[in-house]
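Residue numbers (my numbering), protein chains in the order written: chain V, 10 to 972; chain G, 10 to 972.
Here a beta-carbon is modelled for each residue, glycine too, at the ideal position from N, C-alpha and C.
Below is one structure, written out as structure tokens, with a few remarks after it.
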């Protein structure tokens, strides 16, 4: 019964498709300039379609054989011959008939007649493309791959699977053309075309909003607003990219979810361009995701098929070439010229076109990056001003003047045991002056400014996002949960096989208990990795301490003078190198852990992966900085009672003027180094290197010839696969952390970030346009989890900056001294106030300096930086009243700063509406227009009905219950 | 040209409606038990419809006259006669023909023939209903009303306006029946019925999701989950209300936005019940909102018409009676019995039915209230346990033992100047012991618990909301911006009249400059009111201080002993009374200010009103408490250097054991008193009083007779108008503030709130079911701004509780003493440690006690509660090192508490997914089912097409461009 039904429906499908195809063919030939191949292709088309179903089902191999034999030998050769005419190259994102557009390509491995699979894969030109890309789309782990090997899908199995899958696709209405091993030996292509009917049907299901014929005026608000906008447009005109459609439009097409019953709403005069190439490919991808192979041991979707190697690749095609004589104007070329070029770094991005070409998700990434970069400009300017303020006031700064004043004859206690001796405070003059650059009143202002800046950035982005949503007609888009991943299905199958249930019974799923080992591993690994990070930092500390002692030991005076600078710089560079190496390691481990977890959907996989990667990379990047900011120099004990680690190493002290200076150096090196190395090495250098290696293999002539003769789908096959936006986002998020988290100690961070991002945008653009295959257009309303992470970072930034200002800098002690202890309300005497007294006779035996007379006089009392009672008080070396008062002030500052800034942020958040005023008006207007439009139609319909006019509109049918 | 078109369309409209009506009539008579009036009504129906359009337009008055003459005299009299048969009363939410349901009622004032308007309105029975309800729907302010009076809408104008409006409604397809002054003299009713076609059309525009015929199984997740659910259901069975549909359904109808083209999806066998009464009325309301009178000086929508008195009321009808012999089973009655009853206070609410009857917005309010009350149960239990822990440990508490120990012969400094003398610490024994009840280690735990509780509550509510959204098919609902308010339009008109522009040109709007005076007023008023609140608190403080001094002066010993208790209690009661009075005052002022602002839409009006009301009421309720918690006893100076206010009043001190005790009393009195008075007096008492007054006017017999003979729309006319949910929400939000903000000082707050809310739910339910007219069903996805406020409060609660614990309670000093100063690590000696020494010779002249020998011995050194250096130190009376250490500890605690709790809250927030797992699965499943359903249809269609079957489905039409 069921089987018969199936056959019936299948046959009807087939026939319907055939007819639909004919219709389309007819239409297309009418509308396209019928080239010399028009007739030819029609014939081929019919030929292709006229293979009867029964033959296909029963004798698929044979028929394919026929087709394979037919095409490469007739059509392809012809194509080769025609290749001399470069203009026709444009026709090649089409089927052999030159009419049906290739919307998607699947590739598979073809066993070559002359050799076995293994041998060929080693010798052939394209082995890279056959093996490597298997991993990214399926996130395959070695274990899984091994198991799948054990499941033993031989080539025959794979072929059967492919045939079934393609049959199912055909049943869904898609049309396909195969091409095996023509120019790229060992690679078979399945070119997929979605005919008009299928596009319409899927657009309706996907509720794609399409522009209707109805236009309406986009009002700019009141006169003043309009004038300001006009003015702004004129001013920014040279900054606009030269993209035709980027001109401000005062009219917008009213959009409405596509529906076949409401076809009259839309302008369908040009069916070929109604759905653009991005939409077409995403529609095909939607069908691919839905189609399953059910005849195998377990149900396989496209991701399983890709994962198990039945297909090797799946990608949509680029619109055309970017250069060369063949290249006609296409979106990709415009993007290449007007977007992916360093020479126009100062211009706005053509976001509309980026979205049109790559889809909303990629569009949002670049829009976000643009907004971020734009917002960095004021931050960088203010940062530079703050820095300059520090430079300008360095000579008026009383504390550093006091340090540098020779007359204040202050003898400091030795910096290390035995080897070091007493020293004069005046030698710290340089450091004190340098510290002032980053530790002055403007820094506090800048920290508050940056906290509010972060909030403003968030708000600005939310508004921009909303505006883009409106322009892109995404306002009412709802994300749907995606299909289960291949690995998940595989694990479910394994589980159900164990339970001896039917794997197709849908009720089996991975429970918490199944996942428990993975969860445990993840927790243990994460904790272990965090400990590794801490251990690395501790290792660097030990390195610093031991080198410092060693250098102190050596008596070469040139060494001595450069001791601090050398140690600081080498330590910072070591940190940097470790950070960069561990970044890659942690990224790999996070991916491995996530695969182990077997998340159900791609979305959940992505989120879990991002989460883990974020934690690890964040910890990796910021642990050394946090140590420097909050722990260094705080757990050293006091003279006579130092704290020792590893037996004999005294914990490192800060220079006189606090650790802020060192924090600053570390931040500077990390930021600059990370960006330079990661950008240049990983993003520019490595691809160049790969290309070079590739080019060395193929001799140049051959390659150029290939380039000229290759079809679109073959060219794209050579490009790298699109691996998602996450690495790009992650890089930016870490940078955002650098910019906001410790900005109180390094006001130049925004400037560095700005310079980096200006390059980054064009770099990424180049990569997307030239290096990678076209990604499947994914619809998205927002940047998802990244926004949450940004929000989290900017919240943490408030508290971190509060602590940096109050604990790392000397801001609070200065304030307290000025208002509580200073005799004249100035900072005079502040340095003296911060130094406690130590009686040298209280040194622990064996720790006193070996050269007590180093300074030329006998020292009885030396000074150290702390607030402790003097040796002659009742409670010698106890924390003094000043200590507690300053501590209370520091803590109070943290509370006040945190809450005030949080309140201000929330206030800014509340003050700026999430949806720009004009956009909300437009959205409202659009809704009203839709209702109006329909009301008008209602009346029109009634009119026609009454007049007895045989309306072409669908009749208002009687309910089916009566039918 | 255009005019002709209009006439044509209008005629077609009319005719189409007519035919639709006939169809409906046909259906209805078939399906309803065709009573004796079936034939009769059919005739009347046709009669009504057959009045030709031209006649209506040209001679509207005449035709209405005919109709009015026709119905009241024939049908109505018949109805009166039939009134003796109570069963037919059910028929009366219908038109005279007994078939067409009344979906909405508009009332207007009818000038009575026997007297002028003014006289009649004073003498008539229903004057109350004519005048009072004008205000709520339009939020009219006196100024505006006066202006409108000046615009001089006479009765004739009003009639013309009404006629135009009704004509426009008729053009939209609505059907109307008029009834003037039958039983309620002076009141005219326009009964509105929406025929099937109109319902369908509007449902499509409003994208109403309706259940399709397709059902699917709601899976409960895995076996274990299902079993747990089953068990829970059995356990909670007695708690479930006895409402038929509340049984757990394992099947759910797949819902799909209603569309006439997809009618076959829906079960339309019973057209009368397909759209329920709530939906019908909201559809009619939607049309009313859209319909405009354009012939007047300025465009008037329904709200302007109501505002200017053209119509007096607009309301949908209740489903039926709740008691009496007439009452048959209807949703209202079920709600009355199973929901609005105190006797079932322990049961769950039948939220599904509430939503079905009142719409989503009201449903969400009660669901929220239910969740809140439910969540209060664990909080109340923990609170009681914490309180009991305090009671149990009061005897083991070392500090209070030390205070009560007679052997610690501690002499305290006098509490006031001159009149008071030295006193023994042991007399504060009672207070110290009582304080321990609310100031112990468990309190800290409870504060953390409540912060997490608040987060859990938010999360729980979000999930519940999502679940309800799923069950109610609101997941993809998008709120649309509503129409401008009448006042706004009026102001725009005034502005455009001034500018001598056409008022109908849409471009005029109120700019910031127009609103500037209002904004300034608002800011000034708000600041002034906040100052008033502060002044009131200060006044109460002065009262307390002066009374205290006066009482001390009097030498009656009985007075003296009760001094503290008396003053505390009376002050708290005065505070309470002021809070309650000012609450009402502030509510009125906030409304006045918002009206002055002239917000554009109802939504913005509501939000602005809520915002202002919230700020004022919140400040009003919490200022006295904040004063008690954080300021009282902190700004008193020290012995010998007290701070004086108003010349000679010394600021009040706290009792020995901190101010926590007094804070507790204040909280207790405010909470209990506010709830008791507001609930009992305002919500129960006042309505009762009003009813009594009303009943005294009408003699009882007459009233009962009226009750029996009145039609549904007349009965509903007697009920109070629905004024929105905001007062209810506001009350709860303030209560939520009480429960969370100072919970560290009053662990019984959740218990009090719980007891109150259990009553509150049923009280509100009673009011909605019996006292008020049926509200228009408003669709809503969430509780809107209230959620934001709740979130804000729970955030503020964290920091407030941190400060209460660290500054108001003695928790931190005890901790610091125990770990830093205690010789044996216990609290022994703590009391002594908290008291500083004062040399009595240092009293300012004139402030020393009059009776220095009061205690029987000469006092040389007295003690006071502060951390200051003793008189004999180098820095007498300076803050001591302990002071600063404890201050630092307090501040550190605040930082740690705030950040840890915030982190935990965020973690809980992140841990609990916003959308319950099963719901997200179901939503996903539903989406797949929809696609599946359509795919099946596609095939079915193709099948039929191929077989040459003349399908009743709309043909896949060719694009209109070809047509």
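Nearest-angstrom Cα separation, counted from residue j out to residue i
i	j	result
residue 893 of chain G	residue 620 of chain G	40 Å
residue 120 of chain V	residue 197 of chain V	9 Å
residue 873 of chain V	residue 631 of chain V	30 Å
residue 734 of chain V	residue 464 of chain V	24 Å
residue 347 of chain V	residue 774 of chain V	10 Å
residue 288 of chain G	residue 768 of chain V	57 Å
residue 459 of chain V	residue 921 of chain V	17 Å
residue 98 of chain G	residue 243 of chain G	Confidence is the limiting factor: at residue 98 of chain G the pLDDT is only 43, short of 50, which leaves the residue's position unreliable, though a coordinate-based value still follows. Rounded to the nearest angstrom, the two C-alpha atoms are 40 Å apart.
residue 327 of chain G	residue 118 of chain G	22 Å
residue 882 of chain V	residue 828 of chain V	24 Å
residue 129 of chain V	residue 321 of chain V	With a pLDDT of only 39 at residue 129 of chain V, under 50, the local geometry of the prediction cannot be trusted, and no value is derived from it.
Which residues DSSP lists as bridging residue i, in chain order
i	result
residue 493 of chain G	G:610
residue 542 of chain G	According to DSSP, which records beta bridges pairwise, residue 542 of chain G is partnered with nothing at all.
residue 309 of chain G	G:302
residue 196 of chain G	G:118
residue 733 of chain G	In DSSP, residue 733 of chain G forms no bridge with anything.
residue 871 of chain V	V:847
residue 888 of chain G	G:877
Beta-carbon neighbours of residue i, restricted to chain V and to distances below 9 Å
i	result
residue 210 of chain G	943, 944, 947
Proximal chain G residues relative to residue i, where beta-carbon distance stays under 7 Å
i	result
residue 908 of chain V	808
residue 920 of chain V	Within chain G, no residue comes near residue 920 of chain V; the closest Cβ sits about 13 Å away, beyond 7 Å.
residue 940 of chain V	214
The ligand HEM heavy atom lying under 6 Å from the CB of residue i
i	result
residue 353 of chain V	The ligand content of the structure shown is nil, which means the ligand HEM is not present either.
Contacts of residue i in chain V (Cβ-Cβ under 8 Å)
i	result
residue 607 of chain G	Result: empty, since nearest Cβ-Cβ is about 17 Å, beyond 8 Å.
Within chain G, the residues that residue i reaches when beta carbons sit closer than 8 Å
i	result
residue 183 of chain V	The contacting residues do not exist; residue 183 of chain V stays about 14 Å from chain G at best.
Contact list for residue i against chain V, beta-carbon separation under 7 Å
i	result
residue 901 of chain G	900
Please confirm if the stretch 352–368 of chain G is in contact with the stretch 796–810 of chain G, defined as three or more CB-CB distances below 8 Å between the two stretches.
no
Any 3 or more C-beta pairs closer than 8 Å across the stretch 866–880 of chain V and the stretch 443–458 of chain V
no
Name the residues in the stretch 867–879 of chain V whose C-beta lies less than 9 Å from a C-beta of chain G; which are they?
none
Count the CB pairs spanning the stretch 912–932 of chain V and the stretch 925–937 of chain G that are closer than 8 Å, and state whether there are at least three.
no
Which residues, taken in chain order from the stretch 881–893 of chain V, show a beta carbon closer than 7 Å to some beta carbon of chain G?
890, 893
Stretch-stretch touch, CB-based, cutoff 8 Å, three pairs: the stretch 418–434 of chain G with the stretch 373–383 of chain G
no
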